[in-house]
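In our numbering, the protein residues as written are 36 to 353.
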């Protein structure tokens, strides 16, 4: 990670370097839009403007809206007139605005619920999007453990806290305080902060956080470290399961043996034979089997093609 950035920026950059889909992406965009989005109507034309001071987060939000809703947002930026004079990035959505806001249930939020935020995956997406919007976490070098997310609405703050409480796999005990004109949801227990970083897909930040904390606090955190180290492995297994489901569907519908693309067919066979292998390992096995180099990015691209084919077959396509 970059050494000249704040720890918060490093966490957000790690999150923004990844890609998401399905209900997790939807929950992420809903949470970010609720906090950092502004609806403007000029001469009957609606615009959704999303703001952030992090360039990588801005690019991530831009690409996420573009991918999910098949639109072409645009960028704008200005230098803040505050003391630090930070650059504020704007992602401007000008098409399908009402449709997007309806899909994300932004207008329905007065009921303090979003119907699609139910599963652990969607809870993770919601907290992830909220953290990208206004989250911050103290540097582990600090003796003050503190992670927070702020919002201008008290009911929204209560909803964020309730989302934390609905996570079954990890225990969070958030509190809420009012700071000037904002309501702040925060956690201060160091182990909960580490778990939160894992839950919002920042395992590398968690490792860095735990490493510093262990060196300073001098007590046993072997279990927590193991969780951090295994975070990437868990993600690999989860991805493998989804890939195997897609491949099994393709095999059932048209048969792997009938796939004309040799590389694609080889990858399908290898994934079914090696459930826990990473994409790097699969690339090495393919290189040996095909007697020519196959890169990790190529394997990743082929899995996307497999997913697309499986979704087409699910929808009844040929």
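All C-beta atoms, glycine included, are put in the ideal place defined by N, C-alpha and C.
Quick caveat: nothing in here was measured; it's all calculated off a predicted structure.
Delimiting residues of the alpha helix (DSSP H) encompassing residue 104
90-104
Start-to-end residues for the beta strand (DSSP E) that takes in residue 124:
122-128
Roughly how many whole angstroms lie between the Cα atoms of residue 73 and residue 236?
27 Å
Element boundaries [beta strand (DSSP E), containing residue 80]
80-87
What span of residues does the alpha helix (DSSP H) with residue 163 cover, start to end?
155-169
Label residue 111 either buried or exposed according to how many other C-beta atoms from any shown protein chain fall within 10 Å of its C-beta, with 16 as the threshold for buried.
exposed
Among the candidates 151, 165, 244, whose CA atom is the shortest distance from the CA of residue 221?
165
State yes or no: is the C-beta of residue 226 nearer than 7 Å to some heavy atom of the ligand FAD?
Annotation note on the ligand FAD: not contained in the displayed structure, which lists no ligands.
Looking at the structure shown, is residue 271 part of a helix, part of a strand, or coil, going by DSSP?
Helix at residue 271.
Quick check: residue 122 and residue 114, are their CB atoms within less than 8 Å of each other?
yes
Roughly how many angstroms lie between the CA atoms of residue 309 and residue 335, to the nearest whole one?
CA-CA distance, residue 309 to residue 335, rounds to 16 Å.
Taking the alpha-carbon positions, what's the residue 69 to residue 194 distance?
A direct Cα-Cα distance of roughly 12 Å separates residue 69 from residue 194.
Could you give the residue range of the beta strand (DSSP E) that holds residue 214?
210-214
CA-CA distance, residue 157 and residue 141?
16 Å
Can you tell me whether residue 209 is buried or exposed? The criterion is at least 16 other CB atoms within 10 Å of its CB, across all chains shown.
buried
DSSP bridge partner residues for residue 76 (one or two, in chain order):
81
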